[in-house]
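J.:
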Amino acid sequence: MSNVYVAMRATGGSGGNPFGFYGGTNGTLLQKIGVWAEGWMVKAVRVWLTDGTMQTFGNPSGSYKEHSFQPGERMTRLSLWGNGKGSRLGWIEFATDKGITFSHGMTDWKRNQEYPIDIGSGICCGVFGRAGSDIDNMGFVFLQKIRSSRLTDVTYPTLGLQMAAIEPRVIDSEEFHNSTSREQTQTFSVEEKITRKSSWSITAGLEYSYTSKVEAGIPEVATVGAESTWKVSISGTYGKEETEESTKRYDFPVVCPPNSRVKATATIKEGKLSVPYKGVIEVVLEAGSSFRYPIEGIYEGVSCSEVYFDIEEIGAAGYELFWNGQRVGHEPTWTRQQAIENLEWNKTQRPDVLVEGWYNGEKMGYELFLDTVRVKFEPTWTRQQAIADLRWQKLQNQGKNYKGWFNGEDLNTLAAKAEAIPVTV
Numbered sequence: 001m002s003n004v005y006v007a008m009r010a011t012g013g014s015g016g017n018p019f020g021f022y023g024g025t026n027g028t029l030l031q032k033i034g035v036w037a038e039g040w041m042v043k044a045v046r047v048w049l050t051d052g053t054m055q056t057f058g059n060p061s062g063s064y065k066e067h068s069f070q071p072g073e074r075m076t077r078l079s080l081w082g083n084g085k086g087s088r089l090g091w092i093e094f095a096t097d098k099g100i101t102f103s104h105g106m107t108d109w110k111r112n113q114e115y116p117i118d119i120g121s122g123i124c125c126g127v128f129g130r131a132g133s134d135i136d137n138m139g140f141v142f143l144q145k146i147r148s149s150r151l152t153d154v155t156y157p158t159l160g161l162q163m164a165a166i167e168p169r170v171i172d173s174e175e176f177h178n179s180t181s182r183e184q185t186q187t188f189s190v191e192e193k194i195t196r197k198s199s200w201s202i203t204a205g206l207e208y209s210y211t212s213k214v215e216a217g218i219p220e221v222a223t224v225g226a227e228s229t230w231k232v233s234i235s236g237t238y239g240k241e242e243t244e245e246s247t248k249r250y251d252f253p254v255v256c257p258p259n260s261r262v263k264a265t266a267t268i269k270e271g272k273l274s275v276p277y278k279g280v281i282e283v284v285l286e287a288g289s290s291f292r293y294p295i296e297g298i299y300e301g302v303s304c305s306e307v308y309f310d311i312e313e314i315g316a317a318g319y320e321l322f323w324n325g326q327r328v329g330h331e332p333t334w335t336r337q338q339a340i341e342n343l344e345w346n347k348t349q350r351p352d353v354l355v356e357g358w359y360n361g362e363k364m365g366y367e368l369f370l371d372t373v374r375v376k377f378e379p380t381w382t383r384q385q386a387i388a389d390l391r392w393q394k395l396q397n398q399g400k401n402y403k404g405w406f407n408g409e410d411l412n413t414l415a416a417k418a419e420a421i422p423v424t425v
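And the structure:
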């Protein structure tokens, strides 16, 4: 892996024992560095890596200074100084692309010979050097410049356990009437804006800022009959976060049997997903070398099925007459006015039975509304009773917006004129 890193160069003396604490090819980077210095040397260095590990080299004492790297922060310049006697590391100074300059070292001796360090990509993976009770010498480990980085070989180990995350949502529904003696085919049309989202969480290591592409299949909602499940699509290339929006129109043929009413419902199944994923980060350097390392994270996505349609036969078309709950008449071709006249005639002729009428699935009778809320429904009342009640409500509750309907007819104008009609119901 020597061709992955910039040539390593340490500054200082030759005493102490060798040490090396760095990642790089496993995605681990320098996260934080703390430096103790006194007199004529850097006394100790403590290093934290992005995988959560930490090590200390030398014996901490003296003046202390530290810097924590933000995710994606890179060095833009690094210089090291010996102590001027060729025996210890004397000073560390670096700048980052976040506008930060870190500079710390000997408290008594002045800096002499500066050693600018080749930082390559500026991505620091850790440190190496020699140390005993002090830092004899030390250098920083940098990756060479990166050409590309991608997440690939993605799997979702627990995807099959996520059935509860899929829920149906009704987009629209519509009733269709066929009052003829022949089968009819009508068209149910809906438009729906479909949104799909995908994101793969990336940790604070190398992949956080330098992985721009994901080559993976995406979990999608698949519906087979009444069953829904998650399936992984054919692999494609995406950003770490993707949002796709599209508006689709669907035209569905609705077959209506003779003299019937059917209800067509358009439904879509939506799924929100948050599941672990496993994959591999593949890094290609400008020099031509490459390396791979495994990664785990959380995939979050929003997906939906194609729109599907259900057809339900909900009753007969036209006018239906009932006596004591039993249907005694059906006229599929009648108009609403014909139905009203017949219902009133039956109520007059058959006071001994409960007379009810339905027209295209709506129960006929008197409805009283306050604003838009129905506050009364009397299916057995006559038209005169309905007008009288509406007039009485308006007189007793002046200033309130009462409206009445009888068998679908607006009664408000009639009630205002019906002064001669008794208000007792």
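Quick note: the sequence shown uses UniProt numbering, first residue 1, plus one each step. Each residue gets a CB set at the ideal place from its N, CA and C atoms; glycine is no exception. Keep in mind that this is a model prediction, so the values were computed, not measured.
So, for Phe-252: in the same chain, excluding its five sequence neighbours on each side, which residues have a beta-carbon less than 6 Å away from its beta-carbon?
T.: Phe-188 and Phe-309
J.: Figure out for me which residue from Thr-53, Ile-117 and Ser-133 has the closest Cα to the Cα of Gly-15.
T.: Ser-133
J.: Reducing DSSP to helix, strand and coil, say where Ile-135 ends up.
T.: strand
J.: Would DSSP call Tyr-208 helix, strand or coil?
T.: helix
J.: With contact counted as at least three CB pairs below 8 Å, one residue from each stretch, are the region 42-59 and the region 119-139 in contact?
T.: yes
J.: How would you call Val-127, buried or exposed, if buried means at least 16 neighbouring beta carbons within 10 angstroms?
T.: buried
J.: Quick one, are the C-beta atoms of Gly-361 and Gly-315 less than 7 Å apart?
T.: yes
J.: Using three-state DSSP, classify Leu-78 as helix, strand or coil.
T.: strand
J.: Please say whether Lys-403 and Pro-379 have beta carbons closer to each other than 7 Å?
T.: Cβ atoms of Pro-379 and Lys-403: not closer than 7 Å.
J.: Let me know if Pro-116 comes out buried or exposed under the rule of 16 or more other beta-carbons within 10 Å of its beta-carbon.
T.: exposed
J.: Between which two residues does the beta strand (DSSP E) holding Asp-153 run?
T.: 146-155
J.: Of all the beta strand (DSSP E) runs that stay within the bounds of the region 337-393, which reach a length of 3 or more residues?
T.: 355-359, 366-370 and 373-378
J.: Apart from the five residues just before and just after Gly-20, which ones in its own chain have a Cβ nearer than 6 Å to its Cβ?
T.: Phe-128
J.: So Lys-240 and Ile-202 are in contact, right, with Cβ under 8 Å, and what is the actual spacing, rounded?
T.: 6 Å
J.: Buried or exposed: where does Leu-206 fall if 16 or more other Cβ atoms within 10 Å of its Cβ makes it buried?
T.: Classification for Leu-206: buried.
J.: Run through DSSP, which three-state label would Glu-409 get?
T.: strand
J.: Going by other Cβ atoms of all chains shown within 10 Å of its Cβ, with 16 needed for buried, is Thr-155 buried or exposed?
T.: exposed
J.: Hey, would you say Ile-166 sits closer than 7 Å to Val-232, going by beta carbons?
T.: Not closer than 7 Å, so no.
J.: The beta strand (DSSP E) spanning Leu-89 covers which residue range?
T.: 89-96
J.: Count the C-beta pairs between the region 174-187 and the region 142-158 that are closer than 8 Å, then say yes if the count reaches three, no if not.
T.: The region 142-158 and the region 174-187 do not touch, with fewer than three beta-carbon pairs separated by less than 8 Å.
J.: Rounded to whole angstroms, what's the CA-CA distance from Asn-112 to Val-6? Just pull it up for me.
T.: 25 Å
J.: Say yes only if the C-beta of Gly-318 is nearer than 6 Å to one or more non-hydrogen atoms of the ligand COA, and no if none qualify.
T.: Absence of the ligand COA is noted for the structure shown, with no ligands found whatsoever.
J.: Distance check for Ala-386 and Ala-420, CA to CA, integer angstroms please.
T.: Its pLDDT being 39, under 50, Ala-420 is placed unreliably by the model, and the measurement read from it follows with that caveat. The alpha-carbon atoms of Ala-420 and Ala-386 are separated by roughly 14 Å.
J.: What are the uninterrupted segments assigned as beta strand (DSSP E) that are 3 or more residues long and contained completely in the region 178-239, given in chain order?
T.: Complete beta strand (DSSP E) runs here, min 3: 184-200, 213-216, 219-224, 227-232 and 236-238.
J.: What span of residues does the beta strand (DSSP E) with Pro-294 cover, start to end?
T.: 290-304
J.: Output yes or no for whether 7 Å exceeds the beta carbon distance between Gly-34 and Arg-46.
T.: Cβ atoms of Gly-34 and Arg-46: closer than 7 Å.
J.: Entirely within the region 7-39 and at least 4 residues each: give me those alpha helix (DSSP H) ranges in chain order.
T.: Segments of the alpha helix (DSSP H) lying fully in the region 7-39: there are none.
J.: By Cβ distance below 7 Å, which residues in the same chain neighbour Pro-258 in space, the five residues on each side in sequence not counted?
T.: Asn-178, Thr-180, Ser-181, Arg-182 and Glu-183
J.: If you reduce the DSSP assignment to three classes, tell me which class Gln-113 lands in.
T.: coil
J.: Does DSSP classify Ala-165 as helix, strand or coil?
T.: Of the three classes helix, strand and coil, the one that applies to Ala-165 here is helix, per DSSP.
J.: Mind checking which residues open and close the beta strand (DSSP E) that includes Gly-105?
T.: Run containing Gly-105: 101-105, per the beta strand (DSSP E) assignment.
J.: If we ignore side chains and look at the alpha-carbon of each, how far apart do Ser-103 and Arg-150 end up?
T.: Just so you know, the alpha carbons of Ser-103 and Arg-150 end up roughly 35 Å apart.
J.: Would you mind working out which of Leu-143, Glu-313 and Pro-168 sits nearest Thr-223, comparing C-alpha positions?
T.: Pro-168
J.: Look up Pro-253 in the DSSP assignment and give the residues it is bridged to.
T.: Thr-187
J.: Among Val-262, Ala-266 and Ile-295, which residue has its Cα nearest to the Cα of Tyr-277?
T.: Closest by alpha carbon: Ile-295.
J.: Whole angstroms are fine: how far does the CA of Trp-405 sit from the CA of Trp-381?
T.: 12 Å
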